[in-house]
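Colleague: One structure, as structure tokens, below. Some questions next.
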Amino acid sequence: MLVLPHWVIQVLQVVVILVLAPLVTGIIARGEAIIQQRRGPRVLQPYYDIAKLLQKETVLPEPAGPIFRAAPYVSFAAYATVPLLIPVLTTFGLPLGYMADFFGVGMILALASFIVSVAAVDSGSPYAQLGSSRLRSFGAFNEPTVIFVTFVLALTTHTDLPYAFGATIRSSTVQVVRPSHLLMIAAFFMLVLVETGRIPVENHGGTLEFGQIEEGRVAEHSGPGLAFLRWGSSVKQLLLFTILMNVLVVPWGMASSGDLGAVALAIGLLFCKALGVGVTVVVIESSFAKLRLYKIPEFTVASFMLAVLAVVIFLFQPGYGDLHLTVFGATATISAVLVLLLEFGMLRSQDVWEQLRLYALSSVVVAALAVITAATGHGNSSLYALGAVTIALKALVFPLGIRFVLRRLDAEPRVPSVIGVASGILVAIVLCCFAFVALRPIHIGAEAALPLSALPVAVGGLLIAFLLMVLRPHAPSQLLGFLVLENAVSVASLVIAPGLPIILALLLLFDVLIGVLVFVVLVQYLAVERTAIRTDLLNRLTG
Amino acid sequence: MSGALYLILAIPLGAALLTLIDGWKLARAATAIAGGCSLGLAVAIGLSVRHGQVLVAAAGWLRVDALGAVFLLGTGLLYAMAAVFSIGYLGVEQHTAGFPSFAKRYYALLNLFGWSMLLVPLAADFGTLWVAVELTTIVSALLVAIDRTDAALEAAWKYVLIASSGLGIALLSIIILYATGTHALGSAYIPRFIRFSAHARQLSTDAVQVAFVLSVVGFGTKVGFVPMHTWLPDAHSEAPAPVSALLSGSLLSAAFYAILRFFQVAVANGDRSFAEHVLIVFGTMSLVAAGFFVLRQRNYKRLLAYSSVEHMGIIALGIGFGAPLAVAGALLHVITHAAAKGLAFLGAGSLLRGYDSKEVASVRGAGRTMPWTGPMFLAATLALSGLPLSGVFRSEFEVVAGGFASSQNVGVVLLLIFVNLAFFGVIWHAGSMVLTSPAAAATGTGAAPGAPLSAHAPGERSVWMIAGMLGCLFVVVALGVHLPSQLSSLLGHAADLLRTPGR
């Protein structure tokens, strides 16, 4: 078999990224079109666009100087440098791979963004300047996020080289499902959404619109310059996807030698991983609305807070010893973190319908956890039944029933909040940290196989559910708080007590069912008698 | 004898079903009979376990020992008296529109409420225990809201939200206890009390302590420990009076019973003083806070509600002191408090019917206008304040004496100070209601001149209400004058179960 020299692979990394990037962009655009029931552009359209733009002449705005002219090429060169530094195709470091660490990569990416912003100022166009000033102000929290993500990497590996991190994970796979790692991935993914201009931050690739940020910045460019900017932003997107997948999420499937077949396989797998992220992006773009412009900092702040939480959790996580990665352990931790993140979503949301959807989603996570617990042999097979009942009750009957009642009552869907959303999330983060700090010295003394690191996450979820009830003076929202509290406890129960007899588990669910009925009856009374379900109006009884 | 366990569960449930099939007259008769039968069965069960025997039924899912029987007795008594009292209490509204359906709903829920509270001491494992306690919350929330006034809805919403959240924490404590048990008992087992007590030494102390504290916080929300008590005065003041009596006398102690089961595991695990200190801290906080709140109340039902917080604090202190006498006294206090607070709330209900007001200031001269209710209400408040000749005096005396015996002097002194403070507050208010002249009411409240006094003139409304109160009064006085040897034997064995579980 042909063995490629290292320098060839090094060059190949750059070429692969540059060539694949427009394709990934095209596929995402097409996927979104399909979900929205449009025909959409061809998958190869970005290549055609670039080719077309390259043939056009350049039109410069009057005040434009050399910076404006150089910006597209400088930024493209910066993007083309990054593939040299990160693990794209190989698990081993290539000759130039150790030139820069994670910060170095971040700085090169920042340089590219900076030069485009300066060019926007140079162009003298107020629209482009607005775009770049928005990017600067909304992006203020991106850099701290990157720094805290790097902290987690560095704490885990004692270095911040992207290659070293992948190697650490491969050698001890349990790392990848640690709560801190999962939260870091969530934070980084939100950062990727911001940086690639995706919903909920920005409407990607549309016509000129006043909410635009990234698109606005390049409004004055034309011809080959615009071609390189467009191409550059595709490359940046693929780079971020690559870092997300090849460094943080699944650092597997790369070539461990210069073998041609292995490298070819790595290219294919890289494409598949990028498509995986792309599909997620498509789903998010199609299911959420764009945030109002002044709400965008909330999103970036939330991402930053998650990164901070990841660091704190890392410092207080229970010792792992020589644990091995098991399907059960991985599912338990991932489910717990997912339920937690969905609760953060509910805390952020100010719309009761969205909260209902998020609750249903977290119930599905709980049910999946039950099923996988049974499938991996950690509980008896009656957990399948529990999973089915959970889906039926908590993912279908409760949300649909509550929706039906609220529709009939014609209830106000907007959920007020006692304090600002960002402050609420900050408090939630503090509560989560508290759960970790409080549970750290506690030795449960249960069976060794149980993934006890999921317990503090579940307890954090419990506290956030309380917070949700406290902060939202809105009867249906408080009911959802109670339900999501029950979900958090369910996760805890499945994680540390999967053997709980099914009869008891079903009794508990039955109790919750009756509880929900009573809650709904009371909500109805409240709505009928007081024509309001604002519970902050319930202030007659004091003292 | 284990048939009694089935019967005591079947009868209230049967009565609840009967209320649904026919009119409200059948419903009220069925409720009264079911209450009486439950009391009889509770006494029978108490008698049969008084020497430390254990009744088991339903393949081990139901189990009563001496400790459970104590709580069964309190609940049985109040269920019966509340059922009788309800006949008169609802009878006043008999001619209003929509009464039949309201009465049927009320009686059905009352029976379910009684049933769920009888289920609590019968549960043999932590799972069923939690389910039963949560059921009591759910059913009683509907009873609190049954009047559908703004205040009642507000109270019910607060109650169900806060209590359910507390029970969420309690559920977590059960799960932690279960998880720590997997090491000794295998990965899948039924979390029976006896299994935990028997294997308690093999459990991780950390986990048991966390579970215990969480259970005190979680179930303590329903007990009404300060600072989780905020729902309690609202629910007690807005519920119909018989329901208030059941809430205060039975529901709070049912939740306390759940804590005691965790206490047993914690003690059997080895660290007795930790568990006792937790109870002492929560008991003292409740006592101190309630003492001050009692002073400033203007609503006599809220006054009694805060007095419940205080008495739960006394029970917690009694268990926390740990001396045999104190523990037995605390358990006796469960029964005497149920009787005395039942009497007080029933009396309050009768006053409410007589005067149409919950304000202390509106009720004047009850001693003359309501010759039965007035004195009995005063007697109830005197008993609650721990005056001799009442059962409460006996139980509080035992708690105090036991506290000194185990040299918990600070706790005992605090207890004495704040019991006296509450005494002052309760007697002051109750005295102003009962021992004044009736004329004061008109000037005191500024009642609209020319109001149809004949329709609303204060006075006794129903002999059934008086009968219910007399039943409670009899128990209060009887336990104060003479403690039956059967009961003291039962209490002694129950105290043993708390002091040396696992043997």
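Residue numbers (the numbering used here), protein chains in the order written: chain A, 49 to 591; chain B, 1375 to 1877. Every residue gets a Cβ at the ideal spot worked out from N, C-alpha and C, and that includes glycine. Remember, it's a predicted structure, so these values are computed and weren't measured experimentally.
#1: Do we get a CB-CB distance below 8 Å when we pair tryptophan 1531 (chain B) with the residues of chain A?
#2: Does proline 464 (chain A) come within less than 8 Å of chain B when only Cβ atoms are used?
#3: Are serine 180 (chain A) and valine 169 (chain A) close, meaning C-beta to C-beta below 8 Å?
#4: In whole angstroms, what is the alpha-carbon distance linking glycine 1820 (chain B) and threonine 590 (chain A)?
#5: Rounding to the nearest angstrom, what Cα-Cα distance links isoleucine 1840 (chain B) and lysine 1715 (chain B) in this structure?
#6: For the beta strand (DSSP E) holding leucine 500 (chain A), just list the boundary residues, first then last.
#7: Keeping to the same chain, check which residues put their C-beta closer than 8 Å to that of leucine 395 (chain A); ignore five residues upstream and five downstream.
#8: With respect to the beta strand (DSSP E) encompassing arginine 1437 (chain B), which residues constitute its N-terminal and C-terminal limits?
#9: Tell me the DSSP bridge mates of arginine 522 (chain A)?
#10: Interface residues of chain B around phenylalanine 530 (chain A) at Cβ under 8 Å?
#11: If you measure beta-carbon to beta-carbon, which residues of the stretch 1471-1505 of chain B are closer than 8 Å to chain A?
#12: Could you tell me whether the Cβ atoms of leucine 503 (chain A) and valine 543 (chain A) are closer together than 8 Å?
#13: Specify, as a first and last residue, the run of the beta strand (DSSP E) that valine 1430 (chain B) falls within.
#14: Going by alpha carbons, who is nearest to valine 1773 (chain B) out of B:Val1851, B:Gly1692, B:Gly1799 and B:Met1750?
#15: Please tell me whether tyrosine 1631 (chain B) has its Cβ less than 8 Å away from any Cβ of chain A.
#16: Is it buried or exposed, alanine 1829 (chain B), if we count other Cβ atoms within 10 angstroms and call 16 or more buried?
#17: Please report whether the beta-carbon of tyrosine 407 (chain A) lies at a distance below 8 Å from any beta-carbon of chain B.
#18: Taking only the alpha-carbon atoms, compute the straight-line gap between arginine 78 (chain A) and phenylalanine 276 (chain A) and give it to the nearest angstrom.
#19: Between the stretch 1457-1473 of chain B and the stretch 1610-1627 of chain B, do three or more beta carbon pairs fall short of 8 Å?
#20: Compute the Euclidean distance between the alpha carbons of isoleucine 233 (chain A) and threonine 221 (chain A), then round it to the nearest angstrom.
#21: Drop a sphere of 10 angstroms on the beta-carbon of arginine 1566 (chain B), count the other beta-carbons inside from all chains shown, and report buried for 16 or more, exposed for fewer.
#22: From this set, A:Phe392, A:Leu555 and A:Thr379, which residue's C-alpha is nearest serine 501 (chain A)'s C-alpha?
#23: Going by the beta-carbon positions, is the gap between phenylalanine 1586 (chain B) and valine 1652 (chain B) smaller than 8 Å?
#24: Roughly how far, in whole angstroms, is the beta-carbon of leucine 1663 (chain B) from the beta-carbon of serine 1589 (chain B), given that I think they are within contact range, below 8 Å?
#25: Quick one: using the 10 Å Cβ neighbour count with 16 as the cut-off for buried, is aspartate 1608 (chain B) buried or exposed?
#26: Nearest by alpha-carbon distance to leucine 406 (chain A): which of A:Val478, A:Ser305 and A:Gly529 is it?
#27: So is arginine 182 (chain A) in contact with chain B if we call contact Cβ pairs under 8 Å?
#28: Give, in chain order, every residue of the stretch 1652-1685 of chain B whose Cβ lies closer than 8 Å to some Cβ of chain D.
#29: Distance check for valine 64 (chain A) and alanine 312 (chain A), CA to CA, integer angstroms please.
#30: Return the residues of the stretch 1606-1632 of chain B that lie within a Cβ-Cβ distance of less than 9 Å from chain A, sorted by chain order.
#31: Give a yes or no on whether 8 Å exceeds the smallest Cβ distance from aspartate 584 (chain A) to chain B.
#32: Do the stretch 1437-1451 of chain B and the stretch 1619-1629 of chain B make contact, defined as three or more Cβ pairs closer than 8 Å?
#33: Considering only DSSP beta bridges, list what asparagine 1673 (chain B) is partnered with.
#34: Between B:Arg1873, B:Ile1791 and B:Ala1530, which has its C-alpha nearest valine 1641 (chain B)'s C-alpha?
#35: Using a beta-carbon distance below 8 Å, is aspartate 170 (chain A) in contact with chain B?
#36: If the cut-off is 9 Å on Cβ atoms, which residues from the stretch 544-558 of chain A count as contacting chain B, listed in chain order?
Modeller: Taking the structure as given:
#1: yes
#2: no
#3: yes
#4: A caution first: glycine 1820 (chain B) carries a pLDDT of 43, below 50, which makes its placement in the model unreliable, though a value can still be read off. Distance from the CA atom of glycine 1820 (chain B) to the CA atom of threonine 590 (chain A), rounded to whole angstroms, is 24 Å.
#5: Looking at the backbone, the Cα of isoleucine 1840 (chain B) and that of lysine 1715 (chain B) are separated by about 15 Å.
#6: Run containing leucine 500 (chain A): none; DSSP gives neither H nor E here.
#7: Short of 8 Å from the beta carbon of leucine 395 (chain A), and not among the five residues preceding or following it, lie these beta carbons of its own chain, in chain order: Val469, Gly472, Ile473, Ala476, Ile512, Leu515, Leu516 and Leu519.
#8: 1436-1438
#9: Checking the sequence shown, residue 522 (chain A) turns out to be histidine, not arginine. According to DSSP, which records beta bridges pairwise, histidine 522 (chain A) is partnered with A:Arg582.
#10: Ordered by position in chain B, the residues that pass the 8 Å Cβ test against phenylalanine 530 (chain A) are Leu1535, Ser1538, Ser1539 and Gly1542.
#11: Asp1499, Gly1501, Thr1502, Trp1504 and Val1505
#12: yes
#13: 1429-1431
#14: B:Gly1692
#15: no
#16: Confidence at alanine 1829 (chain B) is low in this model, with a pLDDT of 49, below 50, so its placement is unreliable and the value that follows should be read with caution. By the neighbour-count definition (other C-beta atoms within 10 Å, threshold 16), alanine 1829 (chain B) is an exposed residue.
#17: Tyrosine 407 (chain A) does not count as touching chain B.
#18: 22 Å
#19: yes
#20: 15 Å
#21: buried
#22: A:Thr379
#23: yes
#24: The residue you asked about is not leucine; residue 1663 (chain B) is alanine in the sequence shown. Between serine 1589 (chain B) and alanine 1663 (chain B) the Cβ distance is about 21 Å, and since that is not below 8 Å, they are no contact.
#25: buried
#26: A:Gly529
#27: For arginine 182 (chain A), the answer is no, since every Cβ of chain B falls outside 8 Å of its Cβ.
#28: Among the protein chains of the structure shown, namely A and B, there is no chain D.
#29: Straight-line spacing of the CA atoms in alanine 312 (chain A) and valine 64 (chain A) works out to 11 Å.
#30: Pro1607, Asp1608, Ser1611 and Glu1612
#31: So, not an interface residue.
#32: Segments in contact, yes.
#33: B:Glu1733
#34: B:Arg1873
#35: Taking CB atoms only, aspartate 170 (chain A) has no neighbour in chain B less than 8 Å away.
#36: Flagged, chain order: Ile544, Ala545, Pro546, Gly547, Leu548, Pro549, Ile551, Leu552, Ala553, Leu555, Leu556 and Phe558.
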